[in-house]
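What follows is one structure encoded as structure tokens, with my remarks underneath.
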Amino acid sequence: GNSVTQMEGPVTLSEEAFLTINCTYTATGYPSLFWYVQYPGEGLQLLLKATKADDKGSNKGFEATYRKETTSFHLEKGSVQVSDSAVYFCALHGSGNTGKLIFGQGTTLQVKP
Amino acid sequence: AAGVIQSPRHLIKEKRETATLKCYPIPRHDTVYWYQQGPGQDPQFLISFYEKMQSDKGSIPDRFSAQQFSDYHSELNMSSLELGDSALYFCASSLGSPRYEQYFGPGTRLTVT
Chain Y
-11 GNSVTQMEGP VTLSEEAFLT INCTYTATGY PSLFWYVQYP GEGLQLLLKA
39 TKADDKGSNK GFEATYRKET TSFHLEKGSV QVSDSAVYFC ALHGSGNTGK
89 LIFGQGTTLQ VKP
Chain L
3 AAGVIQSPRH LIKEKRETAT LKCYPIPRHD TVYWYQQGPG QDPQFLISFY
53 EKMQSDKGSI PDRFSAQQFS DYHSELNMSS LELGDSALYF CASSLGSPRY
103 EQYFGPGTRL TVT
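Chains Y and L, in that order, give the protein sequences.
For the first sequence, the residue numbers in the working numbering are -11 to 101.
For the second sequence, the residue numbers in the working numbering are 3 to 115.
Here is the structure:
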């Protein structure tokens, strides 16, 4: 079945540092890929998505490129802010065509001033 | 813009009691998903509905049932509650095709004592 593996956290960075959170996936077919962000005590917010190979999703300075050859969807940001501190989940659609999401285990990002 | 509404936001129940969680999707969204997120865990898919019919089922215990009503709101009914049912329960909604992104509600935090 489909699955997602994320780099383990927590990731601790200083403000304005470069961020990379690795995400690799196993899937049949060509699933859509997503990054969701969860701020403390809140629900999940869609950060960005990509629906086919070589697509680049971007939002709020974050980017991720759908790499089919390496089955990866790494999240990057050039300069993080304290307000980016949150848990980041990589996700894809499960097998079949019902849209359920399969999440990675989440990576906690802490940005220090 | 209208978001997904979940009620209640917090719920405390005792073991063996029942609980009902409600979800009101974004207007015009016809698909509802339920996810369970244990402490420090990634969200796990429970069940989904499309146009009031169950469309997919995940790791949902037999003690739980759910349905989607004619106005597209959904309810998750949980009986014989166990301590292990303590978690955040998220509802998400989407419009039509599974390739469309899911929008998550703020979640209901269920505590079983």
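Cβ coordinates follow ideal geometry from the N, Cα and C atoms, glycine included.
Quick caveat, the model's predicted, so the values are computed rather than measured.
- Using a Cβ distance threshold of 7 Å, T59 (chain Y) and Y13 (chain Y) count as a contacting pair.
- For Q38 (chain L), the enclosing beta strand (DSSP E) starts and ends at 33 to 39.
- Under the 10 Å beta carbon count, V70 (chain Y) is surrounded by fewer than 16 other beta carbons and is classified as exposed.
- Contact holds between the stretch 29 to 42 of chain L and the stretch 77 to 97 of chain L, because three or more Cβ pairs, one in each stretch, are under 8 Å apart.
- Linking G86 (chain L) to V114 (chain L) through their CA atoms gives a straight-line distance of about 8 Å.
- Taking CB atoms only, F91 (chain Y) has a neighbour in chain L less than 7 Å away.
- Using a Cβ distance threshold of 7 Å, H81 (chain Y) and S(-9) (chain Y) do not count as a contacting pair.
- The C-beta of F51 (chain L) comes no closer than 7 Å to any C-beta of chain Y.
- By DSSP's assignment, V(-8) (chain Y) forms a beta bridge with Y:Y13.
- Comparing C-alpha distances from L90 (chain L) to each of L:I14, L:D58, L:D73 shows the shortest one belongs to L:I14.
- At least 7 Å separates the CB of G49 (chain Y) from every CB of chain L.
- Across the stretch 12 to 42 of chain Y, CB contacts with chain L closer than 8 Å involve S20, F22, Y24, E30, G31, L32, Q33, L34, K37, T39, in sequence order along the chain.
- The Cβ atoms of S50 (chain L) and T86 (chain Y) sit closer than 7 Å to each other.
- Residue burial annotation: S57 (chain L) is buried, with at least 16 other C-beta atoms found within 10 angstroms of its C-beta.
- Contact residues of the stretch 49 to 75 of chain L toward chain Y are S50, S57, D58, G60 (C-beta to C-beta distance below 7 Å).
- Taking 7 Å as the CB threshold, G98 (chain L) stays off the interface with chain Y.
- By DSSP's assignment, R55 (chain Y) forms a beta bridge with Y:S60.
- The beta-bridge partner set that DSSP reports for E77 (chain L) consists of L:K24, L:Q69.
- Between the C-alpha atoms of R65 (chain L) and S88 (chain L) there is a straight-line separation of about 14 Å.
- Rounded to whole angstroms, the gap between the alpha carbons of V(-1) (chain Y) and N47 (chain Y) is 20 Å.
- The straight-line gap separating the alpha-carbon atoms of G92 (chain Y) and D72 (chain Y) is approximately 19 Å.
- K17 (chain L) and L112 (chain L) have their C-alpha atoms some 12 Å from each other.
- For the set Y:A79, Y:T96, Y:T95, Y:G94, the Cα lying nearest the Cα of K88 (chain Y) is the one of Y:A79.
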